[in-house]
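A short worksheet on the structure shown next.
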Amino acid sequence: MSAPYTRSGRARPGGGGLELAIWYLMRVTGVALFVLALTHFLIVHVIYDPAEQDASWIAQVRWSSLFWRAFDWSLLMLVLFHAFMGVRTVVVDYVKGRARMLLLTGLYLLAFALFVLGTAVVMTLPVVPKG
-18 MSAPYTRSGR
-8 ARPGGGGLEL
2 AIWYLMRVTG
12 VALFVLALTH
22 FLIVHVIYDP
32 AEQDASWIAQ
42 VRWSSLFWRA
52 FDWSLLMLVL
62 FHAFMGVRTV
72 VVDYVKGRAR
82 MLLLTGLYLL
92 AFALFVLGTA
102 VVMTLPVVPK
112 G
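Counting in the numbering used here, the sequence shown runs from -18 upward without gaps.
The following block contains the structure:
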């Protein structure tokens, strides 16, 4: 049986293993997402003029750099991990038996498919020459 919820959030799982690793990773990815999302917002809405940004601007200016591709990929992957592990926590807490296994299997398959699709899009989008 899992520990009761408190006002400070989900209690840290006892012992070790996968549940404790996910518990820590949810906190680490939460902080990382805060930093990356705030950085993304500042870049897109403060540093560069949003009126000048379109698909060609992203391809020519932003994704012509390996750094920005890696930045955007990291943001996407952290969002995927954090979201899917959050849904996994809800499923583990509230669903029992065979339904739990089916939901978790579907959740993992969907997460893997979105990971592959997101990686393919970010890494294979052709660089458009400036000009």
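From the three backbone atoms N, C-alpha and C, an ideal C-beta is built for every residue, glycine too.
query, result
"Suppose the cutoff is 6 Å on Cβ atoms and the five residues either side in sequence are ignored; what does the same chain contact list for F22 look like?", "none"
"For F62, count neighbouring C-beta atoms within 10 Å of its own C-beta (all shown protein chains included) and say buried if the count is 16 or more, exposed if not.", "buried"
"What's the C-alpha gap between L14 and W4?", "16 Å"
"Run through the segment 26 to 84 for me and flag every whole alpha helix (DSSP H) of 4 or more residues, listed as ranges in chain order.", "47 to 75"
"For V103, which three-state DSSP category applies?", "helix"
"What residue range is occupied by the uninterrupted alpha helix (DSSP H) comprising A2?", "L(-1) to L23"
"Return helix, strand or coil for V108, following the three-state DSSP convention.", "coil"
"Let me confirm a value: L47 is counted as buried when at least 16 other C-beta atoms fall within 10 Å, else exposed. Which label applies?", "exposed"
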